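Following: one structure in structure tokens, then a few remarks.
Protein chains: 4
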Amino acid sequence: MYSFKNDYAETAHPRILQAMIETNLEQDEGYGLDRHSENAKRSIAKRLGEFADKADVHFLCGGTQANLTAISAFLRPHEAVVAAETSHIFVHETGAVEATGHKILTVPTTDGKLSPERVEEVLEFHTDEHMVKPRLVKISDTTEIGPVYKLAELEKLSALCRRKGLFLYVDGARMGSALASEGNDVTLADLCRLTDAFYIGGTKNGAMIGEAMILCNDALKPDFRYHVKQKGGLLAKGRILGVQFEELFRDDLFFDLARRANVSAQTIAAALKKEGFGFLTDSPSNQIFPILPDSLIEKLQKEWAFYVWKKMDAKHSAVRLVTSWATTEDAVADFIQAVRA
Amino acid sequence: MYSFKNDYAETAHPRILQAMIETNLEQDEGYGLDRHSENAKRSIAKRLGEFADKADVHFLCGGTQANLTAISAFLRPHEAVVAAETSHIFVHETGAVEATGHKILTVPTTDGKLSPERVEEVLEFHTDEHMVKPRLVKISDTTEIGPVYKLAELEKLSALCRRKGLFLYVDGARMGSALASEGNDVTLADLCRLTDAFYIGGTKNGAMIGEAMILCNDALKPDFRYHVKQKGGLLAKGRILGVQFEELFRDDLFFDLARRANVSAQTIAAALKKEGFGFLTDSPSNQIFPILPDSLIEKLQKEWAFYVWKKMDAKHSAVRLVTSWATTEDAVADFIQAVRA
Amino acid sequence: MYSFKNDYAETAHPRILQAMIETNLEQDEGYGLDRHSENAKRSIAKRLGEFADKADVHFLCGGTQANLTAISAFLRPHEAVVAAETSHIFVHETGAVEATGHKILTVPTTDGKLSPERVEEVLEFHTDEHMVKPRLVKISDTTEIGPVYKLAELEKLSALCRRKGLFLYVDGARMGSALASEGNDVTLADLCRLTDAFYIGGTKNGAMIGEAMILCNDALKPDFRYHVKQKGGLLAKGRILGVQFEELFRDDLFFDLARRANVSAQTIAAALKKEGFGFLTDSPSNQIFPILPDSLIEKLQKEWAFYVWKKMDAKHSAVRLVTSWATTEDAVADFIQAVRA
Amino acid sequence: MYSFKNDYAETAHPRILQAMIETNLEQDEGYGLDRHSENAKRSIAKRLGEFADKADVHFLCGGTQANLTAISAFLRPHEAVVAAETSHIFVHETGAVEATGHKILTVPTTDGKLSPERVEEVLEFHTDEHMVKPRLVKISDTTEIGPVYKLAELEKLSALCRRKGLFLYVDGARMGSALASEGNDVTLADLCRLTDAFYIGGTKNGAMIGEAMILCNDALKPDFRYHVKQKGGLLAKGRILGVQFEELFRDDLFFDLARRANVSAQTIAAALKKEGFGFLTDSPSNQIFPILPDSLIEKLQKEWAFYVWKKMDAKHSAVRLVTSWATTEDAVADFIQAVRA
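Chains as they are written, first to last, in the working numbering: chain A, 1 to 341; chain B, 342 to 682; chain C, 683 to 1023; chain D, 1024 to 1364.
Printed below as a string of structure tokens:
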């Protein structure tokens, strides 16, 4: 049974483990103040173009932790988040954001992307103190259902947010896949320019654990480490996050791994298209959602693990196939073969 | 410069890293439902005597996260924690518990241990709905300043808690050191019998990251995973916690490492005693607090890193020396030599 | 300009003020432990049939306070509320429930009523610890848009809740209007039997301030006063709530006032129906939502204050007309006249 | 049995009730946007000297609500309150502030007053992100045990707060008594100048319910109504608060009532001093804490209700006697007579 269930089925890229071994017995400072964390921050900052000297980088353990820490640090109690109805923070984080006191206002989408128009509708509805005050727009890139934001889309969303005094925050659990996707026209420097904060996911792209939060807006920087600590995210051995990101950004490893994951998914997607299958969304990333006959799904499930995502009609369902840097070429080839057969 | 600042200056015991490497490319379930986490839970459970089949084990990333997740899961909004004034959750967790809505009521101590008498005073003071309701007694073992609870002390505290309807919860960030300390008469099975929940710290005893929460009271078990997820502690690659605890409890590695840390600290302590120095507390664990002349401290600080803990008089201060499984015998010998010189 | 904007435009029924005057200089206990509060609780309890000796009664200041206090007292951190999309707690309480840490899961409705089918859909979707756990079903009676629950509807909803282990809680800001509405077949005793808690609104039915919370489920009773105090709802002069409810339930004043409000609204509704106008919802209560030509609305707004609720088409909108015990017969007659003219 | 237990044993000054009656059937806006609330705000503002046009006034129901609403509105999640160990928010508000997520750091005092020295000690201890960040200094005037701040004390505390970037907030549940006390040299304008926010208590000084929050610092003003609403404090019939404060500040009623309360307490105090009794604190306000023989206390308790505050030695206790505007001259005279007898 080979798994396309998710992109966290294996531990870490071998270079990550190697770096762990090499630095293992060095004595270093705790709580992310070690040399490797500092070095990793510099390596990431170098990729931020004109924001290299300006952006603050912090390492966190996982996506839910990153989201709840950032959002609760950024907002006052009456302020709310605007997000897509399919948003991970709304559906799949066990109310982590609400548990810090903030409402999430959702808008329906077909592709998981927030449009300025839909955000404006939320703003128009929330007019006085009897309702929460929308203050932060949260998007995921890639979205939870595959698509990737284009630069023009981010520009428009950012312009709206600035005009309306909203923070723009990006959940980047799969940021690697987005940036490495075919046709992507967004850079990390663009993200710094257009958003107030975003994070770059390590867990789903080669690390065993770790997300790098980038604070771009000066107003959001003060005291961020207090929030990380208070929410339980400041690891005594913070070095293990530093060592990993140091390795991922030592060269282009981070981007190479993401590209490899995308290629695997897109190879399967291309083969399925050729066989005439449709897709729930148009995804250039490492998550694809082909619509297959239920009979085929049943057969495939005997040898492949994946999620059945959504019933489409009486005889068809969309499934979710996720690949990662660790997905083998054989697995991709075998799966395609199995579908064809 | 050699560091006695803390017990998390190195990454992990080599066997931990080796286990990571060996399991690295196995595909496994996410969120701690993998084979290694299951196996690690069984290995820990086996150490719990008659509670082997009863206690629930959950893995978390760090101490603050473990404490805030457990306490917020266990208490209703008006219920409060009773803890020592020196308690980590009260002083050094950036208000993590209060951020989940709960007050911490403190009692003064000299050794960091809570006594039943002091807890009773808190109960007697809190009599009606104008004050919070004390509901959970939180102790740390070892305490934050070195001492270790004796079985008789835990028995008395537990008896009080049961009589008064209070939960007894143990922060075990340094539980290994406590259990492996000279003269210890407490077992993990005793902890199951006497407390409602406790955690066994991995981070400070060989792991790179990870704490094992043991839920002993049936009433506290339902839905605990929801709380771990909501607070950001449910790692996608939960397997990395499982693999580590699997290795720590495969044989007696966990206890051996703790014993090694204790021996290093106690070797230094014995030498200092022999030189006539006194101590802030009577500590059998891996943290010792000798009282040294400020002039000596100044000299030592040129080659050794450690915290000056407390000014004792015009010319003396207590310092904190912490050892770990990674502390070298050379470092111990050199330090003793330096003091003598 | 006469106002049909809401049912809280005047202060209190004269008998309430008279009771305030008569008891003004009596010395009594603080925090709702006074004689009048005790007496008011007994008077309300007597109306609860077989639950007279069982239900707990608590007085609170207002609806948002009642809702946030009850919901945060009843739920554990990972548990969520299920409510109608139009629900006051979801839309018009500035995230008060989320501010206590709980997510509200909504379902769409046309009449503001929750159906068991829709609640079941929510339950089926929320299957594991990555999502919140639905635990409390919250309805409003009357709903926010006029309709009133029938006994059979409450029976079904209650049966589902009991089968699934959910609490059923009723926001009764306009409970008087619901119980006094034409065709109502629900009693306070039914509410005790079918729900876990509900409140009876005083503010919108004759009192100057005050809501009476009835706790029916034994499991929800312990320590409720702690929660009222913690959330800022335990008035030093709690007697002012007691005196008001004592008067409202001394005889049938509470029900008479509600009936009077309903009659005013229904008189207008009948006249508008006769003139051929339709309605957004079928409301037997003191809130009606006629659909009027925008041109007529514009004319009426010169002499009458009311909210335009919803654009229906290019030339028509639904408006909200609210009456109260204080609405004069002249105002009703004049308004009808104005529409006809 | 006559009560000196508290200053909220009666409902309201007759002029307050009269004002309620006179305005009862006027239709007005909800949620504190009515004419009387607006007028009351202007009347209070006029008393603020040069801050008349600058300060924001909001009405709330009670002290706990005022405190939790203000503090949670002012602070970010990692920021903490500094208060006296005897502070009402720390001891007697059921963890209301902690329930909004904020730790309260306490300092011991003998008179309930915070000194700059003690606040500085707290600041010096809290140095990094492992601890909460002290951000708001909260004092009560009068303090909970009688004493009143002198202008010079407030000046010093304010100077420290400004130097260190701390907010200074005053719980003024008994502000009337403080301002009207013999020897007082503080004005409302001083409070505006020296603090960031404070509230003027109505409940304990003639109103049936209501506290007036004054926001002096521009940074704290935006969106305050959202917080009042979210915490359950925005009354639909907010007019009842407006009408009361309008009457209290129509002329000097507010100050006259406070003076009357003080005179009653000080008359008793003078008589007891003359009899040779000592006091727990030196209080010029409406709360006095004489130290009496336990045998006398026992006798007095047969005809007088009051709290025994603190055991002083084997045979003596401090008791708390509280007077109000409603305390009768006869009661004062009779009590003095009873002590003498």
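For each residue, glycine too, the CB sits at the ideal point set by N, CA and C. Quantities reported herein were computed from a predicted structural model and do not represent experimental measurements.
Non-local C-beta neighbours of V584(B) in its own chain, meaning closer than 7 Å and more than five positions away in sequence, comprise A360, M361, T364 and H377, ordered along the chain. Per the coordinates, the alpha-carbon of F931(C) lies some 15 Å from the alpha-carbon of L699(C). Around the beta carbon of S1318(D), fewer than 16 other beta carbons lie within 10 angstroms, which makes this residue exposed. With 16 or more other CB atoms across the displayed protein chains lying within 10 angstroms of its CB, R47(A) is buried. Any Cβ of chain A closer than 7 Å to the Cβ of T405(B) would place that residue at the interface, and such an atom is present.
The three-state secondary structure of Y684(C), taken from DSSP, is strand. Against chain A, the CB of V814(C) has a partner CB under 7 Å away; the residue lies at that interface. Counting only the Cα atoms, V463(B) lies some 12 Å from K505(B). For I291(A), the pairing in a beta bridge is given by DSSP as G278(A) and A318(A). It is roughly 52 Å from the alpha-carbon of A611(B) to the alpha-carbon of D218(A). The residues E1205, P1307 and I1311, in chain order, have a CB closer than 8 Å to that of Q1289(D) in the same chain once the five nearest residues on each side in sequence are set aside.
At least 7 Å separates the beta-carbon of P816(C) from that of A99(A).
Straight through space, the alpha carbons of G543(B) and I550(B) are spaced by roughly 6 Å. For K570(B), the nearest CB of chain A lies under 7 Å from its own CB, placing it at the interface with that chain. Membership of V910(C) in the alpha helix (DSSP H) is indicated by the continuous run F906 to Q912. For E129(A), the chain C residues whose Cβ falls inside 8 Å of its Cβ are T776, in order along the chain. In the DSSP assignment, W666(B) forms no beta bridge with any residue. Not a single CB atom of chain C sits nearer than 7 Å to the CB of P634(B). The residue from K497(B), A519(B) and E461(B) with its alpha-carbon nearest to that of D482(B) is A519(B). About 18 Å separates the beta carbon of A180(A) from that of G63(A), a gap too long to meet the 8 Å contact definition. Relative to the Cα of W666(B), the nearest Cα in the group T447(B), R580(B), V604(B) and G619(B) belongs to V604(B). Residues of chain A whose Cβ lies closer than 9 Å to the Cβ of G783(C) are, in chain order, G95, E98, A99, T100 and G101.
Listed along chain D are G1118, each with a C-beta nearer than 7 Å to that of A421(B). No Cβ-Cβ contact shorter than 7 Å links F676(B) with K346(B). Within the model, the alpha-carbon separation for A152(A) versus V170(A) is close to 16 Å.
Exclusion of the five residues before and after A672(B) leaves Y343 as the residues of its chain whose Cβ lies within less than 7 Å of its Cβ.
Contact annotation, Y540(B) with A407(B): C-beta distance approximately 5 Å; criterion of less than 8 Å satisfied. As summarised for the segment 497-583 of chain B, the continuous alpha helix (DSSP H) elements at least 4 residues long and confined to that stretch are 516-520, 529-535 and 565-571, given in chain order.
Between A1212(D) and L1243(D), the CB-CB gap reaches or exceeds 7 Å. Annotation: L501(B) to Q912(C) spans about 27 Å, alpha carbon to alpha carbon. For the pair A80(A) and H102(A), the CB atoms are nearer than the 7 Å cut-off. Under the 7 Å criterion on CB atoms, Y2(A) is classed as non-interfacial with respect to chain D.
For K838(C), same chain residues with a beta-carbon under 6 Å away, outside a window of 5 residues either side, are P798 in chain order.
Rounded to whole angstroms, the gap between the alpha carbons of A1230(D) and D1274(D) is 15 Å.
DSSP places A1032(D) in the coil class of the three-state scheme, outside both helix and strand. In terms of Cβ geometry, Y908(C) and E470(B) form a close pair [threshold 7 Å].
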